[in-house]
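Accompanying notes for the structure given below.
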Ligand code: GTP
Ligand code: MG
């Protein structure tokens, strides 16, 4: 779905939280002159809604403004921003009808997810190193380019790479395996290396901007948590880290709704020394990440190079497992 068709559809407009308020800009806010507007924009506060949801101290810090000024700006943004609101169940159902499903190329995995990876959703893939998280990301990137008749989205891909593990050669290999021209495939996958968590967050704004001219159908954040984990260390930093992660995921979720796109985030696990029974690992980011994800897939390595994906806490699907392998051609049953 392109943005053009969305704006023609009245029911869409009812339900979309319009973060691209067209006529109002930061200059319309009380007490914002050209210099302050510039500061806000430089800190990534292009849209009023992004300002409206900040706390004064956070905005002050991020945009290098005084707290009193920030307070006033936020109050103004709350009045001017289109915060959205309640919508009817029918409109919601119409929105759900637009959900599209992407094939992973592996039928067991598609089945586990009720027919494929859904748009308007965040899918969190977590598991230990080498469990196949990045491989799933590469495969879904390629499959997104496929025509809808072949289980794709015929759309563009944005890949936020935090660990420098994106490999164009791997994309080329997988593209060839599904009969696509590797060069064409690479043209439609836009990759940015995120250098730290603040940069990672800003890149989402950049995708928001670029989505005005591109039909973005898949956004990958690989890994969602690695920068946050290494930057916010110790108990004292935990609350701040979780707040930032929460806001980051809310922005991603908003984008998935607006664009009718799929968001794939990867997450590592850490060992849980206090667990006596069951799996002694748990995902990083705790409840915040778990709660913000629509679907959660837990990957485990198994015998003979096999990998087991387990669906966890899904709102409308039974829990279950699927087995797949990673080959030179990509994911396979
Ligand atoms: P971390 O990012 O380290 O947490 O791991 P990850 O879960 O992202 O693992 P990743 O997806 O990178 O999986 C790596 C594994 O995929 C390798 O150990 C290989 O088993 C497999 N793999 C990757 N590339 C290829 C390939 O070209 N051919 C084959 N046969 N297997 C591959
Ligand atoms: Mg990886």
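Numbering (the numbering used here), first residue to last: 10 to 342. Think of the CB as a built atom: it goes at the ideal place given N, C-alpha and C, for glycine as much as any other residue. Remember, it's a predicted structure, so these values are computed and weren't measured experimentally.
Burial state of residue 108, where buried means 16 or more other Cβ atoms lie within 10 Å: exposed
For residue 222, the three-state DSSP class (helix, strand or coil): coil
Outcome for residue 247 when other beta-carbon atoms lying within 10 angstroms are tallied against a minimum of 16: exposed
Bridge partner(s) assigned by DSSP for residue 231: 170
Collapsed DSSP secondary structure at residue 62 in the structure displayed: coil
Environment of residue 26 [buried if 16+ CB atoms lie within 10 Å]: In this predicted model, residue 26 has a pLDDT of only 37, less than 50, meaning its place in the structure is not dependable; the value taken from the coordinates is given anyway. Exposed, by the Cβ-count rule.
Buried versus exposed call for residue 31 [16 or more other C-beta atoms within 10 Å across all chains shown]: Low confidence applies to residue 31: its pLDDT is 48, below 50, so where it sits in the model is not reliable enough to give any reading.
Under the three-state DSSP convention, the category residue 270 falls into: coil
Reference residue 72, options 51, 153, 337, 162, closest by Cα: 51
Sheet register partners of residue 259 (DSSP bridge): Residue 259 is not bridged to any residue.
Residue 339 - DSSP class collapsed to helix/strand/coil: strand
Neighbour flag for residue 207 against chain D, beta carbons, 7 Å: This model lacks chain D altogether, as it is built from one protein chain only.
Runs of beta strand (DSSP E) lying entirely within the stretch 119-169, each at least 3 residues, in chain order: 130-136
DSSP-derived helix/strand/coil call for residue 104: helix
Spatial neighbours of residue 39 in its chain, beta-carbon cut-off 7 Å, leaving aside the 5 residues before and after: 81, 85
Which of helix, strand or coil DSSP assigns to residue 99: helix
Per-residue DSSP class, three states only, for residue 333: strand
Residue 263 beta carbon near the ligand GTP (any heavy atom closer than 6 Å): no
Spatial distance of residue 175 from residue 77 (CA atoms): 43 Å
Cβ-based burial, residue 170 [other Cβ within 10 Å; buried from 16]: buried
Quiz: which residues have CB nearer than 5 Å to the ligand GTP non-hydrogen atoms: 138, 139, 140, 141, 142, 143, 144, 335, 336, 337
Member of 235, 191, 196 whose CA lies at the smallest distance from the CA of residue 207: 235
Distance CB(residue 335)-CB(residue 317) smaller than 7 Å: no
Contact check, residue 160 vs residue 112, beta carbons under 7 Å: yes
Beta-carbon proximity of residue 186 to residue 56, cut-off 7 Å: no
Segment limits, alpha helix (DSSP H) that includes residue 79: 76-89
Paired residues, beta bridge with residue 279 - DSSP: 291
Bridge partners - residue 198, DSSP secondary structure assignment: 166
Cutoff 7 Å; reference residue 69; Cβ partners in own chain excluding five residues on either side: 75, 76, 79
Residue 344 beta carbon near the ligand MG (any heavy atom closer than 6 Å): The chain is shown from 10 up to 342; residue 344 falls before or after that span and cannot be answered.
Residue nearest to residue 110 in terms of C-alpha spacing, selected from 220, 163, 340, 100: 163
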